[in-house]
Amino acid sequence: MIKKILKPFKSMSVITFVTDIFCFCVASVIIILAGVAINRSDIIDNTRDSAAGYLDELSDKLVLNAYFVNSSENTAMNSEMYLMADKFDGRILVINSDLKCIFDTYNVETDKTFVSSDVINALKDISGEKRDDDLEIIELYHPIKSTPSISGDSELKGVIIFSFSIADAFSVSDRLGKSLHLLVFPCIILMFFIGSFHARYVTSPIKTMTKSLNHVSEGYFDDKLEIRSFKEYEDMTDAVNNMLSKLNSMENSRQEFVSNVSHELKTPLTSIKILADSLVQQPEAPLEVYQEFLGDINAEIDRENRIITDLLELVKLDRKNGEMHIAMVSINELLEILMKRIKPIAQSHNVDMIYESHRKVDAEVDEVKLTLAISNLVENAVKYNKEGGWVKVTLDSDHRYFVVTVSDSGIGIPEESLDMIFDRFYRVDKMRARKTGGTGLGLSITKSVVLMHNGQLKVESKEGEGTTFICKIPMSFIEKPGIE
Ligand code: ADP
26 MIKKILKPFK SMSVITFVTD IFCFCVASVI IILAGVAINR SDIIDNTRDS AAGYLDELSD
86 KLVLNAYFVN SSENTAMNSE MYLMADKFDG RILVINSDLK CIFDTYNVET DKTFVSSDVI
146 NALKDISGEK RDDDLEIIEL YHPIKSTPSI SGDSELKGVI IFSFSIADAF SVSDRLGKSL
206 HLLVFPCIIL MFFIGSFHAR YVTSPIKTMT KSLNHVSEGY FDDKLEIRSF KEYEDMTDAV
266 NNMLSKLNSM ENSRQEFVSN VSHELKTPLT SIKILADSLV QQPEAPLEVY QEFLGDINAE
326 IDRENRIITD LLELVKLDRK NGEMHIAMVS INELLEILMK RIKPIAQSHN VDMIYESHRK
386 VDAEVDEVKL TLAISNLVEN AVKYNKEGGW VKVTLDSDHR YFVVTVSDSG IGIPEESLDM
446 IFDRFYRVDK MRARKTGGTG LGLSITKSVV LMHNGQLKVE SKEGEGTTFI CKIPMSFIEK
506 PGIE
């Protein structure tokens, strides 16, 4: 139930819209409250200032007119005070130094003793002020002092308490608040339109991108996104287009690989079929023919087997992060064992094997994979060699890398083929490769392994003279960082 209610709030456009409206409402409330408060305090300050000014004047007049000698007969002063109290919608009380109220515009406290801390403070020449927002009044306590004598002293004659209404300030600011409230409603409607435009503007590029990506996911990898909006969206579009072009080239090479695999797997099968058919059509054929044909069939089956083994090896390597079993390995020992294993094959081809190690090298590698990679290079050096030729394997290192070089005195590789020999199923001379049992996958396996070790593989060759493969690998294995 709650999930259902919250569902719309997962939408970026709803959140943007709601946030806009919310921010506007909060800003409006703050502006109205601040406006009303400032306006109210301005009016109150003005009223207080004019009341205080009047009090100064009144206090001087009371002293000049000797009001404290006979207050009740000072009708002029009394009527002025009535008038003033009326003007401020307030009340004026005059208290003498004996704390006796000698005048009250309300005629309630006259002749009564008036004791309050504010009056006592005022008699000590400390003015006071009290504000009551519930009653909407302010009370000012003003000391009345005689004119200073020659010595500069002045005598405190009494206190004026002037309470006046600030109801006007409240009503004026309330009215202002109400008018601002009235403005808010049309503004909210306007904000409604601005908010929905804003939400649409922000989210429409994302909608376009989703639509395009859905189209791409149907297999249209050569699609390009065209979103020209905020810079962040443009950056994202460029990144997606980059990814798409990589996907596109991966898809192309996948298709090419599949068609190559099918072709390569079909070739031995076609040969087997032809050989078997011709045997079937010659039931009277002599035993030697049978033996020869079956020998050929056997060789084709071996070939098919080799292709499948190499393919499985490649698939294993292709798997992302194709599990590396890294350990500290003596590269000298690895090469010695490898040379010992290939020596009999070389001897059968009448090819000399030379191994030269310049120093002892221990490195962090995947022993099985590296053995496979270098075996491919050395086996090729033997396969594509001449009668009486040689194969030389050297090992050297500096503090960061070790370098294995495999050179031979063989047939060499034509310059135009050098760029392609690492491609899957590429063979310079298909007929020769067939004779030597080549699948065209060996060098791609070697290249993948070297790259998995963050190394480099280079080739130098001269047709008819020989070939050198240089394999440079870091001594310490560095794992490639994944995307966080
Ligand atoms: P293959 O199984 O055919 O040997 P590779 O991927 O190992 O496949 O090699 C690709 C091609 O590169 C070979 O068919 C061969 O033509 C050429 N090649 C590789 N190594 C050598 C070499 N040492 N000398 C001459 N040609 C070579």
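Counted the way this note's numbering counts, the sequence shown spans residues 26 to 509.
Using N, Cα and C, we set each Cβ at its ideal position, and we do this for glycine too.
Here the structure is a predicted model, which is why all the values come from computation and not from measurement.
- For Val-484, there is no enclosing alpha helix (DSSP H); the residue is found in the beta strand (DSSP E) stretching over 481 to 487.
- Look at which beta carbons fall closer than 5 angstroms to any heavy atom of the ligand ADP; those residues are Asn-405, Ala-406, Tyr-409, Gly-435, Ile-438, Ile-446, Arg-452, Val-453, Ala-458, Gly-463, Thr-464, Gly-465, Gly-467, Leu-468, Thr-492.
- For Ile-495, the uninterrupted beta strand (DSSP E) run begins and ends at 491 to 499, by DSSP.
- In the structure shown, Pro-168 falls within a strand segment according to DSSP collapsed to helix, strand and coil.
- The beta carbon of Asp-247 is closer than 6 angstroms to those of Asn-273 in its chain, skipping five residues each way along the sequence.
- Between Leu-420 and Val-429, the gap from beta carbon to beta carbon is short of 8 angstroms.
- The Cβ atoms of Ile-498 and Val-484 lie no closer than 8 angstroms to each other.
- The three-state secondary structure of Lys-249, taken from DSSP, is coil.
- DSSP places Val-407 in the helix class (H, G or I) of the three-state scheme.
- Secondary structure of Gly-467 (DSSP, three-state): helix.
- Here the C-alpha atom of Val-184 lies approximately 13 angstroms from the C-alpha atom of Ala-77.
- When C-alpha distances from Asp-67 are compared across Tyr-79, Asn-146, Tyr-107, Ala-194, the shortest belongs to Ala-194.
- In the three-state scheme derived from DSSP, where H, G and I count as helix and E and B as strand, Ala-91 is classed as coil.
- Ranked by how close their Cα comes to the Cα of Leu-108, the residues Phe-189, Ile-333, Ile-30, Ala-352 have Phe-189 in first place.
- Taking the C-beta atoms as reference points, Leu-397 is found no nearer than 8 angstroms to Val-431.
- The beta-carbon distance between Lys-417 and Glu-381, rounded to whole angstroms, is 7 angstroms. This is short enough to meet the 8 angstroms contact definition.
- Taking Ile-231 as reference, the option from Glu-154, Phe-217, Tyr-258, Lys-86 with the minimal CA-CA separation is Tyr-258.
- Glu-381 is bridged by DSSP to Thr-419.
- By the criterion of at least three beta-carbon pairs nearer than 8 angstroms, the segment 290 to 303 is in contact with the segment 327 to 344.
- In this structure, Val-376 sits near Asn-410, with a CB-CB distance shorter than 8 angstroms.
- Excluding residues up to 5 positions away in sequence, Met-445, Gly-465 lie with their Cβ nearer than 6 angstroms to the Cβ of Tyr-451 in the same chain.
- Contact between Gly-437 and Thr-493 is ruled out by a C-beta separation of about 10 angstroms, above the 8 angstroms threshold.
- Nearest to Ile-169 by C-alpha distance, out of Glu-134, Leu-208, Tyr-79, Thr-138, is Tyr-79.
- In the displayed model, Leu-80 falls within a helix according to three-state DSSP.
- The beta carbons of Ile-470 and Leu-342 sit closer together than 8 angstroms.
- For Ala-388, there is no enclosing alpha helix (DSSP H); the enclosing beta strand (DSSP E) covers residues 387 to 391.
- Under DSSP, the beta-bridge partners assigned to Leu-181 are Lys-170.
- Within 10 angstroms of the beta-carbon of Ser-38 lie 16 or more other beta-carbons, which makes it buried.
- When rounded, the separation of the alpha-carbon atoms in Ser-84 and Thr-135 is 18 angstroms.
- Taking a contact to require three or more Cβ pairs closer than 8 angstroms, the segment 198 to 214 and the segment 136 to 153 do not qualify as touching.
- Rounded to the nearest whole angstrom, the CA to CA distance from Val-393 to Asp-260 is 43 angstroms.
- The Cβ-Cβ distance between Glu-161 and Ile-191 falls below 8 angstroms.
- Burial check for Ile-56: the Cβ neighbour count within 10 Å stays below 16, so the residue is exposed.
- Rounded to the nearest angstrom, the gap between the Cα atoms of Phe-217 and Ile-30 is 21 angstroms.
- In the DSSP annotation of this structure, Gly-220 is not part of any beta strand (DSSP E); the continuous alpha helix (DSSP H) holding it starts and ends at 192 to 242.
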